[in-house]
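Undergrad: Number 113 marks the last residue of the sequence shown (this note's numbering); no jumps. Glycine included, C-beta positions come from ideal geometry on N, C-alpha and C. Structure below; questions to follow.
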Amino acid sequence: MDKPSENSWIQTTLSQQILELTQENEALKAELNRLPDTKSTNNEDSSEIRRLEDIIKDLESQLLRYRSRWYFVVFQWIFQFINVWLVRFPLAILLLFFHITAIFSHRFFARNA
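Here's what the structure looks like:
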């Protein structure tokens with residue numbers, strides 16, 4: 001490729017990119033002009049945000065009060081007891097039993113093969 005044609009190709013490519021960027025810039029400026037004025041709605045948004053934060057704080061305090069009640073604590077203890085002693089512990093023993101039987105059966109069948 002010779003230098004003049006390469007330079008003209010670079011110039012045309014750059015001019016196309018500049019034209020595209022200029023059009024995109026104009027489109028963004030037009031979209032920015034169409035947006036509403038944020039100064040008037042900013043106070044409304046901040047008051048709405050404060051109201052929602054107050055609601056969240058109120059719900060969190062209600063949840064803390066509920067969790068501190070005696071029947072909720074007793075329910076947690078019962079659930080933990082059931083979960084540990086009636087579900088996880090028997091499953092652990094059963095899993096241990098299967099591991100031990102698998103080890104011994106593997107040794108037994110390996111010896112008799």
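Return the first residue and the last residue of the alpha helix (DSSP H) that Trp84 is part of.
TA: Sequence index remark: in the sequence shown, residue 84 carries index 84 (1-based). Residue 84 is actually Val in this sequence, not Trp. Note, Val84: premise wrong, no alpha helix (DSSP H); not H, not E.
Undergrad: Using the Cα positions of Gln7 and Gln16, report the straight-line distance between them to the nearest angstrom.
TA: In the sequence shown, counting from the first residue as 1, residue 7 sits at position 7. In the sequence shown, counting from the first residue as 1, residue 16 sits at position 16. Residue 7 is actually Asn in this sequence, not Gln. Using only the alpha carbons, I get a separation of about 14 Å.
Undergrad: Please report how far the alpha carbon of Val73 lies from the alpha carbon of Val87, in whole angstroms.
TA: Residue numbering aside, residue 73 sits at position 73 when the sequence shown is read from its first letter. Residue numbering aside, residue 87 sits at position 87 when the sequence shown is read from its first letter. Using only the alpha carbons, I get a separation of about 20 Å.
Undergrad: Could you give the distance in angstroms between the alpha-carbon of Phe75 and the alpha-carbon of His99?
TA: Taking the first residue of the sequence shown as position 1, residue 75 is located at position 75. Taking the first residue of the sequence shown as position 1, residue 99 is located at position 99. Answer to the nearest angstrom: the Cα atoms are 34 Å apart.
Undergrad: For the alpha helix (DSSP H) that Ser105 lies in, which residues bound it at each end?
TA: Against the sequence shown, residue 105 aligns to sequence position 105. Note, Ser105: alpha helix (DSSP H), 89 to 112.
Undergrad: Just the C-alpha distance for Lys57 and Leu19, rounded to the nearest angstrom, thanks.
TA: In the sequence shown, the residue the question calls residue 57 occupies position 57. In the sequence shown, the residue the question calls residue 19 occupies position 19. Rounded to whole angstroms, Lys57 to Leu19 spans 53 Å at the Cα level.
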